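Protein chains: 2
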Amino acid sequence: MSLVVVGSVAYDGVETPHGKVDRMLGGAGTYIALTASFFTSVKVVAVVGEDFHREDEALLREHEIDLEGLEKVPGGKTFFWQGVYSPDMNERETLKTELNVFADFNPSLPAAYQDSPYLFLGNIHPSLQSQVHGQMKNPRFVGGDTMNFWIEGALDDLKAAIRNWDFILINDGEARMLSGEYNLRRAAEKIHAMGPHTVVIKRGEYGAILFRPEGYFIAPGFLLETVYDPTGAGDSFAGGFMGYLAEQGVDDIGFASHQHLRKAMIYGSVMGSFCCEQFGVGRLRTLTRDDIEKRFEEFRRFTEF
Amino acid sequence: MSLVVVGSVAYDGVETPHGKVDRMLGGAGTYIALTASFFTSVKVVAVVGEDFHREDEALLREHEIDLEGLEKVPGGKTFFWQGVYSPDMNERETLKTELNVFADFNPSLPAAYQDSPYLFLGNIHPSLQSQVHGQMKNPRFVGGDTMNFWIEGALDDLKAAIRNWDFILINDGEARMLSGEYNLRRAAEKIHAMGPHTVVIKRGEYGAILFRPEGYFIAPGFLLETVYDPTGAGDSFAGGFMGYLAEQGVDDIGFASHQHLRKAMIYGSVMGSFCCEQFGVGRLRTLTRDDIEKRFEEFRRFTEF
Numbered sequence: 000m001s002l003v004v005v006g007s008v009a010y011d012g013v014e015t016p017h018g019k020v021d022r023m024l025g026g027a028g029t030y031i032a033l034t035a036s037f038f039t040s041v042k043v044v045a046v047v048g049e050d051f052h053r054e055d056e057a058l059l060r061e062h063e064i065d066l067e068g069l070e071k072v073p074g075g076k077t078f079f080w081q082g083v084y085s086p087d088m089n090e091r092e093t094l095k096t097e098l099n100v101f102a103d104f105n106p107s108l109p110a111a112y113q114d115s116p117y118l119f120l121g122n123i124h125p126s127l128q129s130q131v132h133g134q135m136k137n138p139r140f141v142g143g144d145t146m147n148f149w150i151e152g153a154l155d156d157l158k159a160a161i162r163n164w165d166f167i168l169i170n171d172g173e174a175r176m177l178s179g180e181y182n183l184r185r186a187a188e189k190i191h192a193m194g195p196h197t198v199v200i201k202r203g204e205y206g207a208i209l210f211r212p213e214g215y216f217i218a219p220g221f222l223l224e225t226v227y228d229p230t231g232a233g234d235s236f237a238g239g240f241m242g243y244l245a246e247q248g249v250d251d252i253g254f255a256s257h258q259h260l261r262k263a264m265i266y267g268s269v270m271g272s273f274c275c276e277q278f279g280v281g282r283l284r285t286l287t288r289d290d291i292e293k294r295f296e297e298f299r300r301f302t303e304f
Numbered sequence: 000m001s002l003v004v005v006g007s008v009a010y011d012g013v014e015t016p017h018g019k020v021d022r023m024l025g026g027a028g029t030y031i032a033l034t035a036s037f038f039t040s041v042k043v044v045a046v047v048g049e050d051f052h053r054e055d056e057a058l059l060r061e062h063e064i065d066l067e068g069l070e071k072v073p074g075g076k077t078f079f080w081q082g083v084y085s086p087d088m089n090e091r092e093t094l095k096t097e098l099n100v101f102a103d104f105n106p107s108l109p110a111a112y113q114d115s116p117y118l119f120l121g122n123i124h125p126s127l128q129s130q131v132h133g134q135m136k137n138p139r140f141v142g143g144d145t146m147n148f149w150i151e152g153a154l155d156d157l158k159a160a161i162r163n164w165d166f167i168l169i170n171d172g173e174a175r176m177l178s179g180e181y182n183l184r185r186a187a188e189k190i191h192a193m194g195p196h197t198v199v200i201k202r203g204e205y206g207a208i209l210f211r212p213e214g215y216f217i218a219p220g221f222l223l224e225t226v227y228d229p230t231g232a233g234d235s236f237a238g239g240f241m242g243y244l245a246e247q248g249v250d251d252i253g254f255a256s257h258q259h260l261r262k263a264m265i266y267g268s269v270m271g272s273f274c275c276e277q278f279g280v281g282r283l284r285t286l287t288r289d290d291i292e293k294r295f296e297e298f299r300r301f302t303e304f
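Below is the structure:
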């Protein structure tokens, strides 16, 4: 079943200890849509400028991503982000953020998107997330991402947005900030009480934890021999997670769906791990579903006892 | 089958955000011996002073720990360590280390210890570890722990010691320091080449990874609602890991033992998690094997997919 994805389609400049790329396709919306497209049909809502390359659009089309909701602003410039990673890649510094056409983004959903049963709201201003959510007719499963910037600067909007989400994806530091609880079990309980019945807390290289009213599930991070570029790993997790649920037609309740949610956690981790293997979306260009299934089985092998 | 444990039996002063205890039973040897005693018969090699309390000795005896190798120095004072944890408990500062009788520790194994098939060398000077190891007749499985202090200050002794170990338990920072590799898979490969076929890298609250020539296994950390005192958690991991292997009579080779090693990783994680639930060895006083099995099953529940 189809998945609507909202988020930035952008150009990134990235420097890691393994290299430097001045400008390449990036953005949360791009990573989420590409990774989800291995599982389900994806419809993108985003905005780009006139400088958006034909070949980048072609890549999205090759993955059968619906671009009816990708607005192109004549004379506009695409969102640009530039960052540099620390030697251990656990920290990154933003060198430049040029919002460009994203500054006036006023998302409007094509009619053909509004009946989609799955919606993922990438990390944008929570009031924009609500605006998109409000245009959907009756989605079965709605998830979203956020960040410290909105927790600090737009907390009321954020709380209003997530009240109606089924699923929130958030990293450990942000979960602590949003809940006021250091302990992740207690942080997740507080976030449950804010709305989402499904809380996934990302822990970077250490993996992620799924918290549900009936229990929790821990997915370890994949041990890559070399991390070339971690940009987009969290978004790729979101794409694998939501893509798999949409493929399976899972909605929110019951034991069977809990089993699917666990598998979704692993597919998310698998997609996050592939993302780091090359710069930008490089690895996603050649990836196959077979590669994905092999790594899924590898996760089983190194966690079973 | 019996397990010989070498390590400090000490008094600790500990302050965490949850409280402060000026002086209580502690030391790596104590934690390892107590946790292993839930699985197998344990023989301790250590030294204490005349100030070592009768009730602390009684606790060890209650767990049927053989104390023939616990030397008591007349007029001597027991090793004392004092430390304070950061608010998030991921860092700790040592305020005081009084080696006392440990300064002249010259371990000598009772004859009844020398035939034991299992040996775990707690974190002491590597030349003392070798001295103990050399007194064993033909142990089937030998493991040991070390720390940054010996990697920096006694590297040649450490390399000589671990050349003959089957198993090394080491934390992530120390594994990187010892191997010169940041990436944990590559660090483990280098450490394999130094001797131990079984390398376990601890990652604090995130759990631990087992590296073997035939593959690796990731055990997540248990999500406690409250960590009262993490002192001894790594040693408790060692005790659960070695205790379970000794109980099962596992030695070093083959698929069956690899399955046992995975379970040993979980029993280690279980014992580490219980250790943090009260100050010092508090939780180990009331713990039962039934509690341990229940938590082992809980690990299965939150990792299975």
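Sequences listed follow chains A and B, in order. Be aware that the first sequence starts at 0, since it is given in numbering that gives the first Met the number 0, and climbs by one per residue. Be aware that the second sequence starts at 0, since it is given in numbering that gives the first Met the number 0, and climbs by one per residue. Cβ atoms here follow ideal geometry from the backbone N, Cα and C, with glycine treated the same way. Computed from a prediction, not measured in an experiment: that's the story for all the values here.
For residue i and chain A, any beta-carbon pair shorter than 7 Å?
| i | result |
| --- | --- |
| ARG284/B | no |
| LYS189/B | no |
| ILE262/B | In the sequence under discussion, the amino acid at residue 262/B is Lys, which differs from the Ile named in the question. Answer yes: the Cβ-Cβ gap between LYS262/B and chain A drops below 7 Å somewhere. |
| TYR205/B | yes |
| PHE236/B | no |
| PHE304/B | yes |
By the DSSP assignment, the alpha helix (DSSP H) with residue i in it spans what residues?
| i | result |
| --- | --- |
| ASP155/B | 154-161 |
| VAL131/A | 125-133 |
| ASP289/B | 288-300 |
| PRO188/A | Looking at the sequence shown, residue 188/A is not Pro but Glu. Taken as a continuous stretch (DSSP letters only), the alpha helix (DSSP H) holding GLU188/A covers 183-192. |
| GLY28/A | 27-35 |
Terminal residues of the continuous beta strand (DSSP E) containing residue i?
| i | result |
| --- | --- |
| PHE79/A | 79-84 |
| PHE210/B | 207-211 |
| THR285/A | Note, THR285/A: premise wrong, no beta strand (DSSP E); alpha helix (DSSP H) at 281-285. |
| ALA45/A | 41-48 |
| ALA110/B | Segment: none, ALA110/B is in no beta strand (DSSP E) and carries neither H nor E. |
| GLU96/B | Note that residue 96/B is Thr in the sequence shown here, rather than Glu. 91-97 is the span of the beta strand (DSSP E), which, as asked, contains THR96/B. |
| THR15/B | 9-15 |
| PHE221/A | No beta strand (DSSP E) holds PHE221/A; DSSP gives it neither H nor E. |
| GLY75/A | Run containing GLY75/A: none; DSSP gives neither H nor E here. |
Would you identify the three-state DSSP class for residue i, choosing helix, strand or coil?
| i | result |
| --- | --- |
| ASP65/B | strand |
| ASP228/B | coil |
| THR197/A | strand |
| VAL249/A | coil |
| PHE51/A | coil |
| ASN170/A | strand |
| LYS262/B | helix |
| ARG202/A | coil |
| ARG60/B | helix |
| PHE101/B | helix |
| GLY121/A | coil |
| GLU180/A | coil |
| GLY242/A | helix |
| PHE140/B | strand |
| THR271/A | Per the sequence shown, residue 271/A should be read as Gly rather than Thr. Reduced to three states, the DSSP call for GLY271/A is helix. |
Rounded to the nearest angstrom, how far is the Cβ of residue i from that of residue j, given a contact under 8 Å?
| i | j | result |
| --- | --- | --- |
| VAL72/B | VAL100/B | 4 Å |
| GLY152/A | ALA27/A | With 8 Å as the limit, GLY152/A and ALA27/A do not qualify as a contact, their Cβ atoms being about 18 Å apart. |
| LEU177/B | ARG211/B | About 18 Å; that fails the 8 Å criterion. |
| SER40/A | GLU63/A | 6 Å |
| GLU173/B | MET193/B | About 13 Å separates the two Cβ atoms, so there is no contact after all. |
| SER268/A | PHE236/A | 7 Å |
| ILE265/A | PHE301/A | Incorrect: roughly 11 Å between the Cβ atoms, too far for contact. |
| PRO106/A | LEU127/A | 6 Å |
| TYR181/B | ASP87/A | 6 Å |
Check the Cβ of residue i against every Cβ in chain C and list those closer than 7 Å, keeping chain order.
| i | result |
| --- | --- |
| GLU224/A | Among the protein chains in the structure shown, which are A and B, there is no chain C. |
Please confirm if residue i has its CB atom under 7 Å from at least one CB of chain B.
| i | result |
| --- | --- |
| PRO73/A | no |
| PHE301/A | yes |
| PRO219/A | yes |
| ILE265/A | yes |
| TYR243/A | no |
| TYR215/A | yes |
Residues bridged to residue i by DSSP?
| i | result |
| --- | --- |
| MET23/B | ASP11/B |
| TYR215/A | PHE210/A |
| GLY18/B | THR15/B |
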